[in-house]
Amino acid sequence: MRTATVREFRDRATTLLRGTEPILVTRRGKIVGFFVPAAGAVVPLDIKRELFYTLSSEVRRMVKERGLSEKAIVADFEKTRKARRRR
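The working numbering numbers the first residue of the sequence shown as 9 and each following residue consecutively.
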């Protein structure tokens, strides 16, 4: 497994993402993420499921932490969508 700092990963992303070796991404010596290259065109269902659970729990935590409601999120989305249409 290759190790890269966040800065190195950002600066050399194109090259690193073409590789076949998993990459451990660190910031100030602490692990902040992993990049695991996909072996084929289809992502396995168990990985999709794990990503969904991880992302949804993180969104849920952020919504709760910021005291947002579903109505406020939808209203903000609509406002942004209308603004983008005007461009």
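All C-beta atoms, glycine included, are put in the ideal place defined by N, C-alpha and C.
Between the alpha carbons of Ala-80 and Phe-42 lies a gap of roughly 33 angstroms.
The three-state secondary structure of Val-50, taken from DSSP, is coil. Judged by DSSP secondary structure, Val-14 falls within the alpha helix (DSSP H) whose first and last residues are 14 to 19. Here Arg-36 carries a coil assignment [DSSP, helix/strand/coil]. With 16 or more other Cβ atoms inside 10 Å of its own Cβ, Phe-17 counts as buried.
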